[in-house]
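Undergrad: Protein sequence lines correspond, in order, to chains A and E. Going by the working numbering, the first sequence opens with residue 1, and the numbers climb by one from there. Going by the working numbering, the second sequence opens with residue 508, and the numbers climb by one from there. A virtual CB, placed ideally from N, CA and C, is assigned to each residue, including glycine. Computed from a predicted model, the values in this text were never measured in an experiment. The structure's right below; bear with me while I get my questions together.
Protein chains: 2
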Amino acid sequence: MNTNNIKTKNAINPTRTENYPEWYLEVIKAADLAENSPVRGSMVIRPWGYGIWENIRNILDIMFKDTGHENAYFPLLIPISFLEKEAEHVEGFAKECAVVTHHRLKGDGSGKLIPDGKLEEAFVIRPTSETIIGHMFAKWCKSYRDLPILINQWANVMRWEMRTRMFLRTSEFLWQEGHTVHATESEAMTETLKMLDVYENFAQNYLAIPVIKGEKTKNERFPGAVNTYTIEAMMQDGKALQSGTSHFLGQNFSKAQEIKYFSANEKEEYAWTTSWGVSTRLIGGLIMTHSDDDGLVLPPKIAPAHVIIMPIWKTSDEEKQVLNYVEALTKDIRQLSFCDIKIIVKIDKRDIRGGEKVWQSIKKGLPIRLEIGPRDIASDNLLVARRDKDPKDKSSMSRFDFIQNLPSILEEMQNNLFNKALQFRNKHIVKINTLEALKTYFSGDESKVCGFALCHYNDCDEAANHPLMSELKITIRCIPLNGENEEGCCLFTGKPSLKRVIIAKSY
Amino acid sequence: MNTNNIKTKNAINPTRTENYPEWYLEVIKAADLAENSPVRGSMVIRPWGYGIWENIRNILDIMFKDTGHENAYFPLLIPISFLEKEAEHVEGFAKECAVVTHHRLKGDGSGKLIPDGKLEEAFVIRPTSETIIGHMFAKWCKSYRDLPILINQWANVMRWEMRTRMFLRTSEFLWQEGHTVHATESEAMTETLKMLDVYENFAQNYLAIPVIKGEKTKNERFPGAVNTYTIEAMMQDGKALQSGTSHFLGQNFSKAQEIKYFSANEKEEYAWTTSWGVSTRLIGGLIMTHSDDDGLVLPPKIAPAHVIIMPIWKTSDEEKQVLNYVEALTKDIRQLSFCDIKIIVKIDKRDIRGGEKVWQSIKKGLPIRLEIGPRDIASDNLLVARRDKDPKDKSSMSRFDFIQNLPSILEEMQNNLFNKALQFRNKHIVKINTLEALKTYFSGDESKVCGFALCHYNDCDEAANHPLMSELKITIRCIPLNGENEEGCCLFTGKPSLKRVIIAKSY
């Protein structure tokens, strides 16, 4: 990237090349997306960040309903004994969960409060809800006529993570978790892959994040799953972000929880279950895919607002004139939509310096910016600034043309962002055939942009535990579903491999 | 109510007159709204119940945004030390809160899991979020230019209630909590009352529940509030349900939490705050206001679906014909809306007995039911059953007329439900002027429908602690805002009173 002195100063300090992890946190701060809270590992999601989450939720919710799912709500607390039922599941979650042990507080005599009223059985705050939802499924599922059960829950969950990072890994996070029950193995597998397709569609067509669908290798599976599928995205530092997962749970949970049904020929059978989820982590992916050294860049389809208008005046006569014009313009814009999304316009009338306003809107990733003063009104001509262009590069457009073209401009911006991210990702995928080459590819200082290495791999313990994995801080991201069949030898063990996997550093 | 033998059997057993509290639980069960969970006091909200909550949330959310509020999200956990800051607040909540003391589980050697990893400072699961949100407000609020701050949060909260009752009082419940910061006392008071108006509008015009806006007396206030305002509704057993509250917090929380700002003339001032909320309790109110001895009755504006179609056929030729007709009809219905709400239609094709289907839809409160078979198609005439009429009372209507009239039928049903509830409530409000009369009014067996007593009351400890209150299980519900000014003497103390209060039994 450009580091010579002619380049104007950037709004975000440090820049991506200077320090990518710091840049990420600064973008979040500059855009007022979220901030740290007094509860370690939990963040406060501020209105601009929550607006993005609301859009994610609303769009996905329609997709889930269109595929036959209904929302429901299950308890936040899970009795400890429930976790014990599925051996791998408890192994995966027991080490990092918030435990509720008391049901009141009392004074300790010195003005401090201490826990009181010890519970007979302790609870954990749900790290995920397979066990509690499965318990209910066992009651609801009696006959093949009750199947499939297709449920989704929007909820907060908690995992007591040691190392947290806003949006990407927080102790508490918001997510959706789909849980379904089916009569047959093939129906459950179809569901698992159908929801993976929903995630792919959403990530690519709304978040403008190109993703690779794939199957996880054994030791990367969800605890208790027979198979885990993932969508993997590449961030601008070349690292992978697991952006959504869909689990085929087989009969593991139905056997642990007695989810059984009578088939059409009166035989009692264990059901087949799935679960799938995405979380506020997607916002982290959004930031790291599109943002630049001036702050957040938002794909228009997911932006909480599309157009910001900054009225400019000096005298009170001008004020009246400008505000009238802006209000009429706003009314016209509010009639518009693009890709079935209503165009949202905001007016920033705050009494602060114009330059500060402009830069705030840039740092927040507002797609379109209009500064409107008496001169623009006189000429009925607008200076249109786009977030995907240089801040100083404004195109002049008649008001009529602006209204005519706004929907297609937003659609074009959406497509440009996806294509740019796709090009970046494709440029950073390489086939690697030797351990030596793998080592070279993933070595170097922190700022080096590596990417995805396509390698032959045989999914066994010997390969999974190869010392190079931890040495290079790399993991097997997935076995791409659309990968070519190609015979080869595992890089780590020399054992046979039929397909390449993706190896990368990851979040 | 009719108890003679000619009356056909009701779908809900017991009926309202037989046992109102049991009837309430049976309606919830019969409508698949919710059920008890393995976590004491927490319920599972099933899709039909959650669909109602989604409508409540979506409609209120628009109202909140229209009044300038933005959504955000704050941590689930609150450090214990935060609760200690506001003396009355901690007093109100410390006795019933879930306490998180550990951050992992370990095996105890016998295969059981026990809490491990004791936290340095324990947390409570938020019973309400004034303290944690106030902590953030103190950071965000620096200058008068930052004010007002108008935030809302949709969240789950937890209060470890001893006696729980589905929807009305559960340990965990879903709600929204508005939290705002203002520069002046009058702005904060205006906000408090504005949101009370929003709640009144929502309750009356969407839930079809008539409510009385009022101010709470001292000992009924929110812990830490200067003043609490409420909307009080009357259930069909005459009891009051506090359905939403709006709190003027004065400077109590801003002083406890240092929420300060520099005014236009550079003086540091404590801010003024408010908070306001409604919860899943509203669903309890909805059930108890409108439902009858056949199950749930839903005001169309809040129903998750408006029309249910049951196709009927015998032969496979008929099946094709009927399903074609039904699908075309469904398409037409989906184009319709009433009161700006899209009409939602469901088709019930399940292979179960027709009578069972019909009664399920009645018990779930579906507003409009159509059973369509070959004969109806031949005549192009529909038999339309309305949930607010007798199950056997179907009106015949041409398909054309049905499509023309459906929106106005739904609107009429909405209005009828409100008017019916209003008449019931007004019939059960009486002015009472002596303690003797009060005693008579609220005495009698459990099944007696009492109502609201308008009485003179002087808000002092002596009156609040009068033994008749607990003897009759009555409380002061509110001082109605629209009550007449009328001088009188407090029923309990003889002290002067300028206005009557509402006294009632309550949930």
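1) Quick one: is R163(A) near chain E, going by C-beta distance under 9 Å?
2) Using alpha carbons as the reference points, say which of S761(E), P717(E), G731(E) and E776(E) lies closest to Q749(E).
3) Which whole-angstrom value describes the C-beta separation of I658(E) and A601(E), a residue pair presumed to lie in contact below a C-beta threshold of 8 Å?
4) Listed from N- to C-terminal order along the chain, which residues in the stretch 94 to 105 of chain A have their beta-carbon within a distance smaller than 7 Å of any beta-carbon of chain E?
5) Between the beta-carbon of L406(A) and the beta-carbon of I333(A), is there less than 9 Å?
6) Would you call M413(A) buried or exposed, if buried means 16 or more other Cβ atoms sit within 10 Å of its Cβ?
7) Pick out whichever of I62(A), I52(A) and P38(A) has its Cα sitting closest to the Cα of D340(A).
8) Which residues of chain E have a Cβ atom closer than 9 Å to the Cβ of S42(A), listed in chain order?
9) Based on Cα-Cα distance, which residue from L700(E), F959(E), D623(E) and T1000(E) lies nearest to D968(E)?
10) Please report the residue range of the beta strand (DSSP E) in which Y768(E) lies.
11) With H, G and I counted as helix, E and B as strand and the rest as coil, what does DSSP make of N511(E)?
12) Per DSSP, what kind of secondary structure is D623(E) in: helix, strand or coil?
13) Pop quiz: K218(A) and S506(A) are said to be a contact at Cβ under 8 Å. What is the actual Cβ separation, rounded to whole angstroms?
14) Less than 9 Å between the C-beta atoms of I854(E) and M817(E), yes or no?
15) Among the residues of its own chain, which have a CB less than 8 Å from the CB of K946(E), if the five just before and after it don't count?
16) Assuming the contact rule is C-beta atoms closer than 8 Å, G355(A) and V27(A) should be a hit. Round their C-beta distance to whole Å, please.
17) First and last residue of the alpha helix (DSSP H) that includes N912(E)?
18) Exposed or buried, which one is D376(A) when buried takes at least 16 other CB atoms within 10 Å?
19) Give the straight-line distance between the Cα atoms of A763(E) and P586(E), rounded to the nearest whole angstrom.
20) Put D332(A) into one of helix, strand or coil per three-state DSSP.
21) Within the same chain, show all residues whose beta-carbon is closer than 8 Å to that of G41(A), passing over the 5 residues directly before and after it, in chain order.
22) Count the C-beta pairs between the stretch 605 to 612 of chain E and the stretch 126 to 139 of chain A that are closer than 8 Å, then say yes if the count reaches three, no if not.
23) With DSSP as the reference, label V1008(E) as helix, strand or coil.
24) At a CB-CB cut-off below 7 Å, which residues of chain A make contact with Y557(E)?
25) Report the neighbours of H642(E) on chain A: residues whose CB is nearer than 9 Å to its CB, in chain order.
26) Between the stretch 175 to 193 of chain A and the stretch 271 to 289 of chain A, do three or more beta carbon pairs fall short of 8 Å?
27) Got a sec: which bits of the stretch 238 to 258 of chain A sit with their beta carbon under 8 Å from any beta carbon on chain E, in order along the chain?
28) Less than 9 Å separating the beta-carbons of A695(E) and P806(E)?
29) For the stretch 656 to 727 of chain E, list the beta strand (DSSP E) runs that are entirely contained and at least 3 residues long, ordered along the chain.
30) Taking Cβ-Cβ distances shorter than 7 Å, what residues in chain A pair up with A629(E)?
31) Which value, in whole angstroms, describes the spacing of the CA atoms of K514(E) and A122(A)?
32) Consult DSSP for D653(E) and reduce its assignment to one of helix, strand or coil.
33) Spatial neighbours of I879(E) within its chain, please: C-beta separation below 8 Å, excluding the five flanking residues on both sides.
34) From this set, G958(E), Y777(E), S544(E) and Y948(E), which residue's C-alpha is nearest R932(E)'s C-alpha?
35) Compare the Cα-Cα distances from R876(E) to each of I766(E), T524(E) and V865(E) and report the closest residue.
TA: Per the coordinate set shown:
1) As a first step, residue 163(A) must be located in the first sequence, where it is residue number 163. So, not an interface residue.
2) The residue labelled residue 749(E) in the question sits at position 242 within the second sequence. For the residues S761(E), P717(E), G731(E) and E776(E), the minimum Cα distance to Q749(E) belongs to P717(E).
3) The residue given as residue 658(E) occupies position 151 in the second sequence. The residue given as residue 601(E) occupies position 94 in the second sequence. Contact doesn't hold; Cβ gap of about 25 Å is too wide.
4) Of all residues in the stretch 94 to 105 of chain A, A94, K95, E96, C97, A98, V99, V100, T101, H102, H103, R104 and L105 have a Cβ within less than 7 Å of some Cβ in chain E.
5) For the purposes of this step, residue 406(A) is taken as the residue at position 406 of the first sequence. For the purposes of this step, residue 333(A) is taken as the residue at position 333 of the first sequence. Result yes, Cβ atoms of L406(A) and I333(A) sit closer than 9 Å.
6) Start at 1 with the first residue of the first sequence, and residue 413(A) comes out as number 413. Label assigned to M413(A): buried.
7) Stepping through the first sequence from its first residue, residue 340(A) is reached at position 340. Closest by alpha carbon: I62(A).
8) As a first step, residue 42(A) is located in the first sequence; it is residue number 42 there, counting from the start. For S42(A), the neighbours in chain E by C-beta distance under 9 Å run, in chain order, F581, P582, L583 and L584.
9) Numbered from 1 along the second sequence, position 461 holds the residue referred to as residue 968(E). The residue among L700(E), F959(E), D623(E) and T1000(E) with its C-alpha nearest the C-alpha of D968(E) is T1000(E).
10) Here residue 768(E) is taken as the residue at index 261 of the second sequence, counted from 1. Segment K767 to F769, the beta strand (DSSP E) holding Y768(E).
11) Within the second sequence, numbered from 1, the residue matching residue 511(E) stands at position 4. Because the pLDDT at N511(E) is just 42, under 50, the model does not fix this residue reliably, and the value given afterwards should be weighed accordingly. For N511(E), the secondary structure class from DSSP, reduced to helix, strand or coil, is coil.
12) Along the second sequence, read from residue 1 onward, the residue named residue 623(E) stands at position 116. Secondary structure at D623(E): strand, using DSSP grouped into helix, strand and coil.
13) On the first sequence, position 218 is the one that residue 218(A) refers to. On the first sequence, position 506 is the one that residue 506(A) refers to. Actually they do not touch by this definition, with Cβ atoms about 17 Å apart.
14) Here residue 854(E) refers to the residue found at position 347 when the second sequence is read from its first residue. Here residue 817(E) refers to the residue found at position 310 when the second sequence is read from its first residue. The Cβ-Cβ distance between I854(E) and M817(E) falls below 9 Å.
15) Position 439 of the second sequence, counted from the start, is the residue given in the question as residue 946(E). Correct list, in chain order: L975 and L979.
16) The residue given as residue 355(A) occupies position 355 in the first sequence. The residue given as residue 27(A) occupies position 27 in the first sequence. Not quite, the Cβ-Cβ distance comes to about 20 Å (not below 8 Å), so this is no contact.
17) Position 405 of the second sequence holds residue 912(E). For N912(E), the enclosing alpha helix (DSSP H) covers residues R906 to K934.
18) For the purposes of this step, residue 376(A) is identified with residue 376 of the first sequence, where counting begins at 1. Answer is buried; the Cβ neighbour count reaches 16.
19) Counting from one through the second sequence, the residue named residue 763(E) turns up at place 256. Counting from one through the second sequence, the residue named residue 586(E) turns up at place 79. Near 15 Å, if we compare the C-alpha coordinates of P586(E) and A763(E).
20) For this step, residue 332(A) is matched to residue 332 along the first sequence. Note: D332(A) maps to helix in three-state DSSP.
21) The residue given as residue 41(A) occupies position 41 in the first sequence. Excluding sequence neighbours, G41(A) sits near W160, E161, T164, T170, S171 and E172.
22) Touching, no, given that fewer than three Cβ pairs across the two stretches are closer than 8 Å.
23) Along the second sequence, read from residue 1 onward, the residue named residue 1008(E) stands at position 501. In this structure, V1008(E) counts as strand in the three-state DSSP scheme.
24) Along the second sequence, read from residue 1 onward, the residue named residue 557(E) stands at position 50. N71, A72 and Y73, listed in chain order.
25) Position 135 of the second sequence holds residue 642(E). Residues of chain A whose Cβ lies closer than 9 Å to the Cβ of H642(E) are, in chain order, S37 and P38.
26) Counting Cβ pairs under 8 Å, three or more are found: they touch.
27) Answer in chain order: no residues at all.
28) The residue given as residue 695(E) occupies position 188 in the second sequence. The residue given as residue 806(E) occupies position 299 in the second sequence. No; because the gap between Cβ atoms is not below 9 Å, this pair is not in contact.
29) Taken in chain order, the complete beta strand (DSSP E) segments of 3 residues or longer contained in the stretch 656 to 727 of chain E are 656 to 665, 679 to 689 and 718 to 722.
30) Counting from 1 along the second sequence, the entry for residue 629(E) is found at position 122. For A629(E), the chain A residues whose Cβ falls inside 7 Å of its Cβ are P115, in order along the chain.
31) In the second sequence, residue 514(E) corresponds to position 7, counting from 1. In the first sequence, residue 122(A) corresponds to position 122, counting from 1. Residue placement at K514(E) is poorly supported in this model, since its pLDDT is 46, which falls under 50; the coordinates still yield a value, given next. Straight-line Cα distance between these residues: approximately 50 Å.
32) The residue given as residue 653(E) occupies position 146 in the second sequence. Here D653(E) carries a helix assignment [DSSP, helix/strand/coil].
33) Here residue 879(E) is taken as the residue at index 372 of the second sequence, counted from 1. In chain order, I816, M817, P818, I819, V829, Y832, V833, L836 and L889 place their CB closer than 8 Å to the CB of I879(E), counting only its own chain and leaving out the 5 sequence neighbours on each side.
34) If you number the second sequence from 1, residue 932(E) lands on position 425. When each option's Cα is compared against that of R932(E), the closest is G958(E).
35) Here residue 876(E) is taken as the residue at index 369 of the second sequence, counted from 1. Measuring from the Cα of R876(E), the nearest candidate turns out to be V865(E).
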